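Student: Protein chains in written order, with my numbering: chain A, 1 to 154; chain B, 155 to 359.
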């Protein structure tokens, strides 16, 4: 089997670009449902460097959406998933969003080109994020109580 | 203090290991020695990162908005995730209820917490290799009595609806007749959700 590093890298690049675009479309759908379409970029990402299909710019949009969900849950709006769609439970007007924060994170630099080949991507595992994870809203914190159920059965 | 022994965490998987967008947590360790295993380095618990259930939850919650939007969640695979059943239950206990927990397993593992994971997981993907005991032993190095016992447990407790049985075509081990035999056995036990798949291996010419 011929091991063509550049060919392999190109396939991975296309896969990750496709993943980026699919995730962006999901974020756009969420943003429209939540009444904040301005939080997600209208156009596909034009960054031509390497990425895993997600980057600081994507993360900032995700964080903005999570903040909006958090805000709605705190104000008592019920959000449910019906089938594979994300919907509000009722058609009532959503409370207005706080002024959107415009995120302008730096685009990650392109890795250096070594001997005519693009340096391999790090393994497709999880790199510890430099960003704090968002708080979990109170309505979401309900425990499943599995160990309590197991104790009762005994 | 017990910790998760995690080999990889793979984000943004779409409709591969369950509904919606999922994060796959590859747990280290496996009782089987499958010839074509694609994760052979997880067999010996090395290299791993160790996390408590709280630390792991705070890591995966970075994708909370996708889980909520798509009905997805977390999938435990590996290796054999049921080796760390107790930790999985502790994790499920603190995870918000609307985030799904799926398990990808061979079911060839026995400890006191396995039955609770089977009961409380949202979806279970079971790779049974083959229902023919000889083929199973030749391919994995172990017998499949424990797997059969757990399949019977699932049927007895009417949990088949959340299980997807995967029957692979294994190069040099299973023929079409062997696969049909496995499908018949599984159907007779009462499982409806059955999927066939091909193991992809590199053949050096």
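Heads up, the beta-carbon is just placed ideally off N, CA and C, and yes, glycines get one too.
Note that the coordinates shown come from a computational prediction; the quantities given were computed from them, not determined experimentally.
Taking DSSP as the reference, what is the three-state secondary structure of residue 267 of chain B?
Tutor: Three-state DSSP puts residue 267 of chain B in coil, outside helix and strand.
Student: DSSP three-state call for residue 187 of chain B: helix, strand or coil?
Tutor: DSSP places residue 187 of chain B in coil when its eight states are reduced to three.
Student: Taking Cβ-Cβ distances shorter than 8 angstroms, what residues in chain B pair up with residue 65 of chain A?
Tutor: Correct list: 219.
Student: Compare the beta carbon distance of residue 257 of chain B and residue 278 of chain B with 8 angstroms and say whether it is the shorter of the two.
Tutor: Yes, these two residues count as a Cβ contact at 8 angstroms.
Student: Would you check if the distance between the CB atom of residue 225 of chain B and the CB atom of residue 174 of chain B is smaller than 8 angstroms?
Tutor: Cβ atoms of residue 225 of chain B and residue 174 of chain B: closer than 8 angstroms.
Student: Compare the C-beta of residue 53 of chain A with all C-beta atoms of chain B and state if any pair is closer than 8 angstroms.
Tutor: Output row for residue 53 of chain A: interface = yes.
Student: Counting only beta-carbon atoms, is residue 243 of chain B nearer than 8 angstroms to chain A?
Tutor: Cβ-Cβ to chain A under 8 angstroms: yes for residue 243 of chain B.
Student: For residue 185 of chain B and residue 55 of chain A, what's the separation of their Cα atoms in angstroms?
Tutor: Their Cα atoms are separated by approximately 37 angstroms.
Student: Give the straight-line distance between the Cα atoms of residue 265 of chain B and residue 64 of chain A, rounded to the nearest whole angstrom.
Tutor: Roughly 43 angstroms between the two C-alpha positions.
Student: For a contact defined as C-beta to C-beta under 9 angstroms, what are the partners of residue 343 of chain B on chain A?
Tutor: Near residue 343 of chain B there are no residues of chain A at all, since even the closest Cβ is about 25 angstroms away, more than 9 angstroms.
Student: Tell me the residue span of the alpha helix (DSSP H) that contains residue 287 of chain B.
Tutor: First-last of the alpha helix (DSSP H) with residue 287 of chain B: 287–294.
Student: Looking at the structure shown, is residue 351 of chain B part of a helix, part of a strand, or coil, going by DSSP?
Tutor: In the structure shown, residue 351 of chain B sits in a strand (DSSP, three-state: E or B).
Student: Using only alpha-carbon positions, find the residue among B:191, B:215, B:219 and B:209 that is nearest to residue 244 of chain B.
Tutor: Of the listed residues, the one whose Cα sits closest to residue 244 of chain B is B:209.
Student: With a floor of 3 residues, list each beta strand (DSSP E) that falls wholly inside the segment 47–80 of chain A, ordered by position along the chain.
Tutor: If we require 3 residues or more, the segment 47–80 of chain A turns out to have no beta strand (DSSP E) run fully inside it.
Student: For chain B, check one thing: does any of its Cβ atoms lie closer than 8 angstroms to the Cβ of residue 43 of chain A?
Tutor: Not closer than 8 angstroms to any Cβ of chain B, the Cβ of residue 43 of chain A fails to qualify, so no.
Student: Pull up the CB-CB distance for residue 183 of chain B and residue 159 of chain B, whole angstroms please, since I reckon it's below 8 angstroms.
Tutor: Yes, residue 183 of chain B and residue 159 of chain B are in contact; Cβ-Cβ is about 7 angstroms, under 8 angstroms.
Student: Is residue 309 of chain B helix, strand or coil when you go by DSSP?
Tutor: It is helical.
Student: Inspect the beta-carbon positions of residue 193 of chain B and residue 232 of chain B and report whether they are closer than 8 angstroms.
Tutor: Result yes, Cβ atoms of residue 193 of chain B and residue 232 of chain B sit closer than 8 angstroms.
Student: Starting from the C-beta of residue 312 of chain B, find all residues in its chain whose C-beta is less than 7 angstroms away, skip the five residues before and the five after it, and write them out in chain order.
Tutor: Within the same chain, residue 312 of chain B has no close Cβ partners at all.
Student: Who does residue 204 of chain B pair with in a DSSP beta bridge?
Tutor: Paired residue(s): B:159.
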